[in-house]
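Everything below concerns the one structure shown next.
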Amino acid sequence: MEVSGPSNLITFTQTVPPFARQYMKATVGDPEEDVAMLQERSPLTHVESIRTPLLVMQGAHDPIVPQTESEQIVSRLQALGREVAYQVFEDEGHMFAKTSSWMKVFREAAAWFERHLLP
1397 MEVSGPSNLI TFTQTVPPFA RQYMKATVGD PEEDVAMLQE RSPLTHVESI
1447 RTPLLVMQGA HDPIVPQTES EQIVSRLQAL GREVAYQVFE DEGHMFAKTS
1497 SWMKVFREAA AWFERHLLP
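Basically the numbering used here = 1-based index in the sequence shown + 1396.
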């Protein structure tokens, strides 16, 4: 399961809001100076290795990790024929603020794990 996570560290660092750019450069890397490192560490670079079903959840108005990050990995997994479910929360931002959203996340995750992990 993945919630509000970046998939391509290059596009992620390029789209971070201006107030967070220095922090991003210090903690993740610079999209101009650290291209090779960011590409190597990006989940999208290693997507072919993902063999287990994946549940991806994303807030549509996430100011930290844009929806395009989730769309990139979902699209690649689908193109590879991997099982992936994608849930967008239209009224949420980063890591969800509403209790009702978290309740839906927990219900979806429990059902997902029950389908894929229990005999």
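Ideal Cβ placement from N, Cα and C applies to all residues, glycine included.
Quick caveat, the model's predicted, so the values are computed rather than measured.
Rounded to the nearest angstrom, the gap between the Cα atoms of E1510 and P1459 is 32 Å. The closest CA to that of L1476, considering only G1401, P1414, E1428, L1440, is found on L1440. Checking the DSSP bridge columns, you'll see Y1482 partnered with V1452.
The C-beta of L1473 has 16 or more other C-beta atoms within 10 Å across all chains shown, which makes the residue buried.
Setting aside the 5 residues that flank it on each side, P1402 is surrounded in the same chain by F1408, V1461, E1465, each with a C-beta closer than 7 Å to its C-beta; the list follows chain order. Per DSSP, reduced to three states, the secondary structure at E1398 is strand. Between M1491 and S1400, the C-beta gap is smaller than 7 Å, which places the two residues in contact. The C-alpha of L1405 lies about 7 Å from the C-alpha of Q1435. Sequence-distant Cβ neighbours of L1450 in its own chain, meaning closer than 6 Å and more than five residues away, are V1480. With fewer than 16 other Cβ atoms inside 10 Å of its own Cβ, P1414 counts as exposed. For Y1482, the closest alpha carbon among the candidates V1501, K1421, A1493 is that of V1501.
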